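*Asks:* Sharing a structure, written as structure tokens. Questions coming.
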Amino acid sequence: MKSKLTNLLQLFRDVLPARNLEELEQRLAKAQESHDLAGLAKIYYDMGVHCMKGGDPNRAMMYLSRADSIFSSRDDVYEQVKESVREDCSDRIMQLEEEPLLTNQIPEQVQEQAEWLLDDIQTRLWGLLTMARLVQVGKRLAGLPGCEVLGDLGQAVDLILRSFQERISQEEFQFLMDTCDRLYELGDDECFSDMTSQAEVPGGAPIQVFDLNGLLVVTELNLYLDSHIRLLTEGPDNSEAETDLIPCALLPDYYLRTCKEDLSLLPQIQKEVERIQADCEFVRSKISWDDIARKVAEYKELDILV
């Protein structure tokens with residue numbers, strides 16, 4: 239009898255509104271243990287709403303985006319999450335996209351600079367420099383189940399750079415296509431929402447796959463590769479340069495999850511913003527392919543999390 243009463247009390251606690259973020263985090267861990275994706279989505283939604291009410295729009299955006307990523311990843315999960323929750327989650331994300339957040343302002347600025355200052359190839363090179371800075375992050379996460387493709391970013395960067403200058407082999411082209419496909423498939427993998435799957439960061443908190451700004455970084459890597467493949471096969475008239483990858487090495491979700499400080503005050507964020515702007519000036523200056531190769535090689539060895 240006592241056991242039944244304890245179970246009923248626990249069930250009652252689980253359906254009550256959480257009093258604070260810590261309580262929601264405890265519920266999140268339980269949903270993770272039971273592989274309850276619909277439950278994870280609902281709890282991330284609740285965390286986002288909690289942060290919005292508490293005046294923390296950056297973390298609200300992170301949690302709501304995670305909720306959206308989870309319930310949008312599979313049809314069965316989508317159906318298990320109430321329509322009212324899905325719609326309110328989307329409405330809140332759209333509302334936050336209008337806020338003057340660093341994560342909104344930098345992509346807007348990048349898009350404007352690409353449109354007014356750079357040509358197609360310069361914009362693509364700007365994105366390639368960001369991909370090069372993600373190589374070490376990818377190597378770190380590639381050791382996690384399902385994430386092996388992230389360890390191939392370095393080879394992909396080298397092939398893309400060379401393909402701007404000369405024709406690559408069919409085998410090398412196939413590698414780029416396979417990497418593009420595997421990145422797309424990774425976006426549907428449950429490893430994204432697995433909080434227990436994480437990689438060590440020297441001197442810092444472990445990084446999780448979901449710290450890649452939800453699905454955003456992997457999605458933008460896939461779109462960048464897809465655009466480049468179409469450039470090689472169809473020419474620039476049928477392949478518009480992607481700009482959304484350029485700010486992806488900011489990795490705000492990692493810092494929002496592991497730090498309490500304001501994003502704009504974190505040294506790692508400030509350095510990445512500086513690199514983004516410096517790269518724009520670099521690609522629009524009079525540079526040689528050797529200059530670009532040296533910059534790419536430097537970035538491939540850079541650990542942006544340390």
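Our numbering puts the first residue of the sequence shown at 239, with every later residue one more than the last. No residue lacks a Cβ here, since even glycine has one placed at the ideal position from N, Cα and C. On a predicted model such as this, the values are computed, not experimentally measured, just so you know.
#1: Go through its chain and collect everything with a Cβ distance to Tyr462's Cβ below 7 Å, but skip five positions before and after it.
#2: Pull the bridge partners of Gly442 from the DSSP assignment, please.
#3: Do the segment 342 to 353 and the segment 456 to 471 meet, that is, are 3 or more Cβ pairs less than 8 Å apart?
#4: Count the other C-beta atoms from every protein chain shown that fall within 10 angstroms of the C-beta of Arg622, then say buried if there are 16 or more, exposed otherwise.
#5: Between the Cα of Phe520 and those of Gly376, Leu356, Glu409, His466, spot the shortest distance and give me the residue it belongs to.
#6: What first and last residue would you give for the alpha helix (DSSP H) that runs through Cys327?
#7: For His273, does the three-state DSSP call read helix, strand or coil?
#8: Go through its chain and collect everything with a Cβ distance to Cys418's Cβ below 7 Å, but skip five positions before and after it.
#9: Measuring CB atoms only, is the segment 375 to 389 touching the segment 399 to 408, in the sense that at least three cross pairs come out at less than 8 Å?
#10: Examine the Cβ distances between the segment 392 to 399 and the segment 497 to 512 and report whether three or more of them are shorter than 8 Å.
#11: Please tell me whether Gln360 and Arg495 are closer than 7 Å, where the distance is taken between their beta carbons.
#12: With distances taken from CA atoms, which of Gln270, Pro295, Arg297, Glu536 is nearest Ile308?
#13: Could you give the DSSP three-state label for Val544: helix, strand or coil?
#14: Using 8 Å for Cβ pairs, my map puts Arg371 next to Leu540. What's the rounded Cβ distance?
#15: Would you report the Cα separation of Lys533 and Gln412, rounded to the nearest angstrom?
#16: Between Leu262, Gly384, Leu334, Ile525, which lies nearest to Met300 when the distance is taken from Cα to Cα?
#17: Tell me which residues share the same chain as Asp427 and place their Cβ nearer than 7 Å to its Cβ, disregarding the 5 neighbours each side in the sequence.
#18: Looking at the unbroken alpha helix (DSSP H) that takes in Ser310, where does it start and where does it end?
#19: At the level of alpha carbons, what is the spacing between Ala531 and Ser272?
*Replies:* From the atom records:
#1: Position 224 of the sequence shown holds residue 462. Once the five neighbours on either side are set aside, the close Cβ partners of Tyr462 are Gly365, Met369, Glu480, Leu483.
#2: The residue you call residue 442 lines up with position 204 of the sequence shown. Gly442 is bridged to Val439.
#3: For the pair of segments examined, the segment 342 to 353 was found not to touch the segment 456 to 471: the number of CB pairs separated by less than 8 Å stays below three.
#4: Absent from the structure is residue 622, since the part of the chain shown begins at 239 and ends at 544.
#5: Within the sequence shown, the letter at position 282 stands for residue 520. Nearest to Phe520 by alpha-carbon distance, out of Gly376, Leu356, Glu409, His466, is Leu356.
#6: Taking the sequence shown and counting its residues from 1, one reaches residue 327 at position 89. Counting along the chain, the unbroken alpha helix (DSSP H) around Cys327 starts and ends at 321 to 334.
#7: Taking the first residue of the sequence shown as position 1, residue 273 is located at position 35. Note: His273 maps to coil in three-state DSSP.
#8: Along the sequence shown, read from residue 1 onward, the residue named residue 418 stands at position 180. Cβ within range, chain order: Asn460, Leu463, Asp464, Ile467.
#9: Short answer: they don't touch.
#10: With a cut-off of 8 Å, the segment 497 to 512 and the segment 392 to 399 do not count as touching, because too few Cβ pairs lie within range.
#11: For the purposes of this step, residue 360 is taken as the residue at position 122 of the sequence shown. For the purposes of this step, residue 495 is taken as the residue at position 257 of the sequence shown. The Cβ atoms of Gln360 and Arg495 lie no closer than 7 Å to each other.
#12: Sequence index remark: in the sequence shown, residue 308 carries index 70 (1-based). When C-alpha distances from Ile308 are compared across Gln270, Pro295, Arg297, Glu536, the shortest belongs to Gln270.
#13: Within the sequence shown, residue 544 is the residue found at index 306, counting from 1. If DSSP states are grouped into helix, strand and coil, Val544 belongs with coil.
#14: The sequence position of residue 371 within the sequence shown is 133, counting from 1. The sequence position of residue 540 within the sequence shown is 302, counting from 1. Correct: roughly 6 Å between the Cβ atoms.
#15: Your numbering for residue 533 matches position 295 in the sequence shown. Your numbering for residue 412 matches position 174 in the sequence shown. When rounded, the distance between both Cα atoms is 26 Å.
#16: Locating residue 300 in the sequence shown gives position 62, where the first residue counts as 1. Residue Leu334 is the option with its Cα nearest to Met300.
#17: Numbered from its first residue, the sequence shown carries residue 427 at position 189. Excluding positions up to five away in sequence, the list reads Gly384.
#18: Here residue 310 refers to the residue found at position 72 of the sequence shown. Run containing Ser310: 295 to 311, per the alpha helix (DSSP H) assignment.
#19: Mapped onto the sequence shown, residue 531 falls at position 293. Mapped onto the sequence shown, residue 272 falls at position 34. Straight-line Cα distance between these residues: approximately 47 Å.
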